[in-house]
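In terms of UniProt numbering, the sequence shown opens at residue 1 and continues consecutively. Notes for the one structure printed next.
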Amino acid sequence: MASAQYNAGESHGQAQANTEQWVDSGKSIANSAVDKAENATQRASETAEQNKDQNSGFLQQTGEQMIHMAQGAIDGVKNTLGMGSDKKQREN
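Written out as structure tokens, the structure is:
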């Protein structure tokens with residue numbers, strides 16, 4: 001009888017040790033996943049910031065080009081109607 005109790009106690013101890021190992025392994029895996037997710041989030045944030053800077057520069061350049069094109073069109077219409085600076089300079 002003592003032997004059966006000893007074997008049951010030993011089995012229980014081994015099961016408890018295995019459970020603790022599995023829990024520790026699960027915690028380690030979870031911590032690793034959290035670290036990887038944090039790193040991915042940081043990289044995504046940095047990439048988004050770089051893209052934002054690049055896109056704002058592109059949009060600013062495009063906006064300036066549009067302004068120059070619009071001003072050229074306005075000047076062209078004024079010249080056609082005889083209101084532009086070209087006409088005034090010719091009259092002087």
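Think of the CB as a built atom: it goes at the ideal place given N, C-alpha and C, for glycine as much as any other residue.
Note on geometry: alpha-carbon atoms of Q14 and W22 lie some 12 angstroms from one another.
One alpha carbon belongs to A44, the other to E20, and they sit about 36 angstroms apart. Rounded to the nearest whole angstrom, the C-alpha separation of N31 and E38 is 10 angstroms. Take the alpha-carbon of Q50 and the one of L59: they are about 14 angstroms apart.
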